[in-house]
Amino acid sequence: MALPERMKFGIFLAPFHRLGENPTLAIERDLELVQWLDTLGFDEAWIGEHHSAGWETIASPDIFIGIAAERTRHIKLGTGVISLPYHHPLMVANRMVLLDHMTRGRVMLGVGPGALVSDAYMLGIEPTTQREKMDESLGVIVRLLTETEPISHESSWFELHDAVLHLQPYQRPHMPIAVAAAQSPSGPALAGKHGAAMLSVSVPRDPGQSDLTYLWDIAEESAAEHGKTVKRDEWRLVVPVHLAESRKEAMEDARMGAGYYQREYFEETLGMKSGTDGPVEKIIDNMVEGGQWVIGTPDDCIAAIKRFDERSGGFGGLLVQTIDWAPREKMLHSYELLARHVMPHFQSSLLGVTASNQWSRDHAEELMDFRVRSIDRAKQAWAERR
């Protein structure tokens, strides 16, 4: 398949912090991570919204983005994602437009129905209605972002009366919009309906249930039905990644942390069925062998991206699912390895230097002859002066 000329690289920061860690320090380290990625040249960081279960401690991605924007210069910052059923759409639109101006166009709007049933339960929202609410809310938000005439709308869960944004988006016609897509067809269908980008967050969790080609077909079919288009180069896949100089080192770095992440969060906290039996330290082996996680060297990551390209039919961005599964210095080094050795492979940034080096190699003998002759001439001229 044809990968884009310049693939996007970023992170999907839920975040996942194991219980027992100082939560204030964890949030500060999340901000420092975004700063580090900005320095390394990553394209984007998507910040999650969660309200329960103890691990994913960012309740307001827009507040986090406001702080992160002040600490960074280039990286784009997205909500990854705002759970639309939890909010009045006018408030979402107003907050995002404000961020759009404050960041001078570095903000992106990622939306979803809400990932944690416990969040919806606390808010008194019937979980089976969340996807319908997301659809309705996004439709209203897009209208608010693109229309200047007052909008009225009556719903079973919110109302608008002659609503209009007093700030228009800084980015025109509006900031990029992306829809989270997991196992349900509603995500890609909604992305297609509005011509939005798609964030496939299920790739690392349930590859057997996440038929990427099937999800893309739904998005394209929905887009055609509504007179929209979806672009593969705007499709991001979310994958857990940890890199080191050797595969053995990477596996040992993340072995225990990865096991705790899968066992304590997904299985024991969320109640998902175990896909792996045996001790916690063996979970990483099964997940890597099954292709859910990419843990190894930069070359292993390059090969994995090519496999995802084949599985999906083509995509445009890789988002690293951030997980505290290795010592901090090693995790930061993993992102550096990705920036140094993986990103250039998929962003055409090596073409010029490679071509220049090859030209020099091809003409090395001729160029060396010029050099020798030049030195000989200089020596001769000096001798003649004496």
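In terms of my numbering, the sequence shown is numbered consecutively and its last residue is 428. Cβ atoms here follow ideal geometry from the backbone N, Cα and C, with glycine treated the same way.
Asked, Found
"DSSP three-state label for residue 179, please.", "helix"
"What residue range is occupied by the uninterrupted beta strand (DSSP E) comprising residue 86?", "86 to 89"
"For the structure I just gave you, are there three or more beta carbon pairs, one from the region 309 to 327 and one from the region 398 to 418, closer than 8 angstroms?", "no"
"Can you tell me the Cβ-Cβ gap for residue 374 and residue 78, rounded? I've got them flagged as a contact below 8 angstroms.", "6 angstroms"
"Sorted by chain position, which residues of the same chain lie with C-beta nearer than 6 angstroms to residue 372's C-beta, five sequence neighbours on each side aside?", "295"
"Judging by CA-CA distance, which residue of 208, 209, 236, 139 is the nearest neighbour of residue 176?", "236"
"If you follow the alpha helix (DSSP H) that residue 159 is in, where does it begin and where does it stop?", "159 to 165"
"Rank 178, 174, 208 by C-alpha distance to the C-alpha of residue 189 and give the top, closest one.", "208"
"Given a cut-off of 8 angstroms, decide if residue 187 and residue 231 are closer than it, judged by their beta-carbon atoms.", "no"
"Would you tell me roughly how many angstroms separate the C-alpha atoms of residue 92 and residue 398, rounded to the nearest one?", "49 angstroms"
"Which residue comes first and which comes last in the alpha helix (DSSP H) that contains residue 336?", "Not the alpha helix (DSSP H): residue 336 falls in the beta strand (DSSP E), residues 336 to 338."
"Looking at the structure shown, is residue 150 part of a helix, part of a strand, or coil, going by DSSP?", "strand"
"Looking at the unbroken alpha helix (DSSP H) that takes in residue 314, where does it start and where does it end?", "Looking at the DSSP string, residue 314 is not in any alpha helix (DSSP H), and its letter there is neither H nor E."
"Taking only the alpha-carbon atoms, compute the straight-line gap between residue 307 and residue 192 and give it to the nearest angstrom.", "45 angstroms"
"Return the first residue and the last residue of the alpha helix (DSSP H) that residue 375 is part of.", "370 to 379"
"Could you work out which residue in 46, 276, 148 is closest to residue 214 when comparing CA atoms only?", "148"
"Are the CB atoms of residue 205 and residue 132 nearer to each other than 8 angstroms?", "yes"
"Excluding the 5 residues flanking residue 88 on each side, which residues of the same chain have their C-beta closer than 6 angstroms to its C-beta?", "54, 120, 122, 152"
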